[in-house]
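Colleague: Numbering (the UniProt record's numbering), first residue to last: 1 to 639. Beta carbons: idealized from backbone N, C-alpha and C, even for Gly.
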Ligand SMILES: Cc1ncc(C[n+]2csc(CCOP(=O)(O)OP(=O)(O)O)c2C)c(N)n1
Ligand SMILES: CC(=O)[C@@H](O)[C@H](O)COP(=O)(O)O
Ligand SMILES: [Mg+2]
C-alpha cells in the first residue's frame with residue numbers, strides 16, 4: 001500500500017516525517033499524471049501546487065479552517081488529500097468527481113469555483129461571518145498570479161486591506177496564466193521575484209530605519225521621506241503592505257518545511273496577510289514543465305512521452321474563427337483582436353504572431369476587454385473580442401452599457417457556446433442567448449458550420465454596430481470551405497428543407513441534427529421543414545410565423561437553457577402575433593448541466609435525432625406535454 005492510500009483526511013498528514021512527505025508528493029504526482037493522461041484535465045497547475053497543498057493541509061486544520069481556491073482548477077491534490085482518492089479515476093467524467101471544488105462534493109470544498117478571481121472576496125465573506133458570529137478559525141484564499149489579473153481580486157483586496165480582519169491570501173506565483181502572464185502587476189511580481197535587493201528581509205530594513213536618529217523638525221521630515229524612499233527600495237511587497245496587508249515572501253513554494261513555517265507565522269499575525277509563494281507550473285513532469293500552456297488543460301496523452309493524442313477531426317470552430325480573422329485582418333488593417341488571457345483557447349495565437357501590434361491580451365479581465373474594445377471602436381478601429389460564452393457572463397454590463405447602448409461597432413466572438421463537456425456547469429455556455437438576445441442594438445448570430453462562421457464574421461465587420469457571434473467548442477462539420485466570403489442577408493433565416501407536417505427550428509450546429517431527424521421522419525411518412533434561424537436578434541419573425549401557420553407544429557432545438565433561450569424567443573413571436581393554434585416543443589436544458597461528453601449531455605435533453613423524433617412523435621401523435629406548449633404560455637400570460 002502506498003502512502004497516499006493511508007491518507008483519508010488531512011489530519012493523517014501530520015504524523016508524516018519529511019522523508020515520507022517527499023515520497024507522498026511523488027505518489028501524488030504519479031497519481032495525477034496517471035489519471036489525467038486518460039481523462040484529461042488541468043495537470044500543470046496541479047503539479048505545481050503539490051507541496052503548497054500539503055503544507056496548507058498540515059498548517060491549517062480543515063474543515064474547521066477554510067481554504068478557498070481561486071479558479072479551482074488546481075484542487076486535484078486537495079481532493080486526493082480529502083478522502084477522494086478512490087473516486088479520483090472518475091475525475092471530470094459523467095457522474096464523476098468534478099475538476100473544480102464543489103460544495104456538494106465534499107465538506108472540504110468550502111467554495112465552488114471555475115471562474116477566476118473570486119477567492120479573496122469569498123474568503124473575506126467567510127472571515128466577516130466568522131467575526132460577526134464570534135467564531136474562531138483561519139480563512140485562507142489561494143490565488144494564482146493569473147487570477148490576480150482579474151478585477152474582482154482588487155475589489156476584494158481594497159476591501160480587506162482597510163479592515164483588521166484576520167485573513168491569509170496565498171499568492172501562487174508561477175509566472176503563468178494559461179499563457180505567460182501579462183500586465184503591470186505581473187511585472188511587479190517579477191521584480192519581487194528576481195531583484196536581489198528584495199532578498200533583504202523586511203525586519204532587517206525596519207531595524208535599520210529605526211536607527212536613523214531623530215533630529216530637528218525639518219531634518220526629521222526629510223529623514224522620514226528618505227525612510228520612505230529606502231523602504232520602497234528595500235522592503236519586499238511594499239505595495240501590498242500599503243494596501244493594508246502584511247507581506248511575507250517571496251518564498252520557495254516547493255520547500256514544504258519553509259512553507260509550513262511561513263504559514264505558522266501568518267497565523268500569528270493580526271490583520272490581513274499576503275504570502276507570496278513561487279512555484280513552477282508542471283513541476284515534476286518534464287513535458288508539463290516545458291509546455292505549461294499545453295498541459296494547463298490537456299486532453300488524454302501518452303504519459304511516457306508526453307505526446308498529446310489528437311484524433312483526426314475537422315478543424316474546430318475556434319480554429320476556423322482564428323484563421324478567418326487573420327485572412328480578414330490581412331485585408332483590413334483596422335481589425336484588432338482582444339483576448340482575456342486565452343489567446344490559445346480562443347484561436348488567436350496565429351493572429352498574435354502575425355499582427356503583434358494589433359493583438360491585445362488584457363489578462364483575466366473580461367470587463368476591461370469589452371469596454372476597452374468599445375474605446376478602440378470609437379477611436380476608429382475594428383475590434384473583435386473573443387471570450388468564452390461562460391466568461392461573457394462577467395462582462396454583461398460592459399456589453400450592454402458600453403457597447404450596445406452606444407452602438408459601438410465591436411464584434412463579440414462568443415466561443416464555447418453550448419455545453420463544453422468535462423469542465424461542467426461552471427463552464428457550459430448555455431446562458432448567452434438569454435442574456436444577449438434582449439439587448440437593443442445588438443445583432444446576434446449563431447453559426448451552423450464552418451462556412452457560416454466565416455461568412456458571419458465577414459458580415460459582422462460590415463455592420464456598423466455591435467455584433468455577437470456564437471459558436472461551439474467542438475470540431476466543425478467538416479464542410480469544404482467556400483473560398484469567397486460573402487454577406488449573410490441581414491436578419492434572415494434560411495429554409496434548409498421544406499415540409500408541411502411540422503417545422504424544426506434551430507441555430508448553430510444542431511441544425512444538422514434537425515436535418516438528420518427530418519430525413520428519418522420522411523422514412524416514417526412525415527415531412528418536416530427545417531429552419532436555420534441564423535439570427536437570434538433580430539429574429540426572422542415572418543419566417544417563423546409563416547412555417548408556424550403552415551405546419552401548426554414546431555420543435556425548437558437549442559444547445560442552451562430553455563428559459564429565455566431561442567425557443568422562448570419563438571414563443572414570444574407567436575404570442576405577440578396572436579398565432580395560438582400551434583403546438584410547440586422546446587428542446588434544451590432546464591437546469592445547470594453536469595459535466596460529461598458533449599454528445600451525452602445533449603442527448604440527455606433530447607438534443608439528438610432520437611430526441612427530436614420523440615418530440616415529433618409527441619406532437620404528431622397529438623399527445624400533450626407538460627412543457628413548452630404555446631397554449632400553456634398563452635394561459636400563463638392571461639392570468
Ligand atoms: C473569469 C475567467 N476567465 C478566464 C478563465 C480561464 N482560466 C482558467 S485558469 C486561467 C489561468 C489562471 O492562472 P493562475 O491563476 O495563475 O493559475 P495557474 O494555472 O497558473 O496555476 C484562466 C485564464 C476563468 N477560469 N475565469
Ligand atoms: C480552468 C479554465 O477555466 C480553463 O482552463 C478552461 O478549462 C479551458 O477550457 P478549454 O479546454 O475549453 O479551453
Ligand atoms: Mg499562474
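For my contact list, residue 551 and residue 584 are in at a C-beta cut-off of 8 Å; report their separation, rounded to the angstrom.
Modeller: Actually they are not in contact, since the Cβ atoms of residue 551 and residue 584 sit about 11 Å apart, beyond 8 Å.
Colleague: Of all the options 460, 311, 75 and 262, which has the alpha carbon lying nearest to the alpha carbon of residue 60?
Modeller: 262
Colleague: State the start and end residues of the unbroken alpha helix (DSSP H) segment that holds residue 364.
Modeller: Neither: residue 364 is in no alpha helix (DSSP H) and is coded neither H nor E.
Colleague: Since residue 298 contacts residue 47 with CB under 8 Å, what's their CB separation in whole angstroms?
Modeller: Here residue 298 is actually not in contact with residue 47; their C-beta atoms are around 11 Å apart, not less than 8 Å.
Colleague: Closest by CA to residue 435, which one among 468, 115 and 294?
Modeller: 468
Colleague: For residue 116, name the three-state secondary structure that DSSP assigns.
Modeller: coil
Colleague: With distance defined between alpha-carbon atoms, name the residue in 379, 477, 72 and 558 nearest to residue 296.
Modeller: 72
Colleague: From what residue to what residue does the alpha helix (DSSP H) around residue 648 run?
Modeller: Missing from the structure shown is residue 648; the chain here goes from 1 to 639 and no further.
Colleague: Is the beta carbon of residue 146 within less than 6 Å of some heavy atom of ligand 1?
Modeller: yes
Colleague: Please classify residue 199 as buried or exposed, where buried requires at least 16 other C-beta atoms within 10 Å of its C-beta.
Modeller: Residue confidence for residue 199 is low, a pLDDT of 47 falling below 50, so the modelled location carries little weight; the figure read from the coordinates is stated next. That one is exposed.
Colleague: Less than 6 Å between the CB of residue 640 and some heavy atom of ligand 2, yes or no?
Modeller: Lying before the first or after the last residue shown, residue 640 is absent from the chain, which here runs from 1 to 639.
Colleague: Is any heavy atom of ligand 3 found at a distance shorter than 6 Å from the C-beta of residue 342?
Modeller: no
Colleague: Starting from the Cα of residue 276, find the closest Cα among 342, 162, 118 and 258 and give me that residue.
Modeller: Across the set 342, 162, 118 and 258, the C-alpha of 258 shows the shortest separation from the C-alpha of residue 276.
Colleague: How would the residue list near ligand 2 read, in chain order, if you kept each one whose beta-carbon is closer than 5 Å to any heavy atom?
Modeller: Going by the Cβ distance cut-off, the answer is 73, 297, 345 and 423.
Colleague: When the Cα atoms are used, what is the spatial distance from residue 581 to residue 621?
Modeller: 16 Å
Colleague: Whole angstroms are fine: how far does the CA of residue 561 sit from the CA of residue 636?
Modeller: Confidence is the limiting factor: at residue 636 the pLDDT is only 34, short of 50, which leaves the residue's position unreliable, though a coordinate-based value still follows. Looking at the two C-alpha atoms, the distance is approximately 20 Å.
Colleague: Which term fits residue 364, buried or exposed, when burial requires 16 or more other beta carbons within 10 angstroms of its beta carbon?
Modeller: buried
Colleague: Could you check whether residue 243 and residue 150 sit closer than 7 Å to each other, using their CB atoms as the reference points?
Modeller: no
Colleague: Going by DSSP, what residue range makes up the alpha helix (DSSP H) through residue 279?
Modeller: No alpha helix (DSSP H) holds residue 279; DSSP gives it neither H nor E.
Colleague: Once you ignore the five residues that flank residue 479 on each side, which residues in its own chain have a CB closer than 7 Å to its CB?
Modeller: 449, 450 and 451
Colleague: On the three-state DSSP scale, how would you describe residue 232?
Modeller: Interpretation of residue 232 is limited by its pLDDT of 49, a score under 50 that renders its predicted location unreliable; the figure taken from the coordinates is listed afterwards. When secondary structure is reduced to three states using DSSP, residue 232 falls in the helix class.
Colleague: Would you say the beta carbon of residue 174 comes nearer than 6 Å to a heavy atom of ligand 3?
Modeller: yes
Colleague: Could you give the first and the last residue of the continuous beta strand (DSSP E) run that contains residue 179?
Modeller: Careful: residue 179 lies outside any beta strand (DSSP E) and carries neither H nor E.
Colleague: Run the CB neighbour count on residue 181, radius 10 Å, all protein chains shown included, and call it buried at 16 or more, exposed below.
Modeller: buried
Colleague: Leaving out the 5 sequence neighbours to the left and right, which residues in its chain are closer than 8 Å to residue 516 when beta-carbon positions are compared?
Modeller: So the list reads 609, once near-sequence residues are dropped.
Colleague: Do you know offhand how far residue 156's Cα is from residue 142's?
Modeller: 13 Å
Colleague: Using the three-state DSSP reduction, which class does residue 356 fall into: helix, strand or coil?
Modeller: helix
Colleague: Using CA atoms only, rank isn't needed, just tell me which of 58, 63, 57 and 41 is closest to residue 97.
Modeller: 41
Colleague: Once the 5 residues before and after residue 111 are set aside, which same chain residues still bring their CB inside 6 Å of it?
Modeller: 68 and 122
Colleague: What does the alpha-carbon distance come out to for the pair residue 535 and residue 22?
Modeller: 57 Å
Colleague: Regarding residue 604 and ligand 1, is the C-beta to nearest heavy atom distance less than 6 Å?
Modeller: Because no heavy atom of ligand 1 lies under 6 Å away, the Cβ of residue 604 does not count as near it: no.
Colleague: Would DSSP call residue 351 helix, strand or coil?
Modeller: Helix.
Colleague: Please classify residue 1 as buried or exposed, where buried requires at least 16 other C-beta atoms within 10 Å of its C-beta.
Modeller: So residue 1 counts as exposed.
Colleague: Are residue 340 and residue 362 closer than 7 Å when you measure CB to CB?
Modeller: yes
Colleague: Our contact map puts residue 173 next to residue 191 with C-beta atoms below 8 Å; I'd like the distance itself, whole angstroms only.
Modeller: Contact flag wrong, Cβ pair sits at about 12 Å.
Colleague: Suppose you measure from the CA of residue 8 to the CA of residue 383; what does that come to, to the nearest Å?
Modeller: The straight-line gap from Cα to Cα measures roughly 52 Å.
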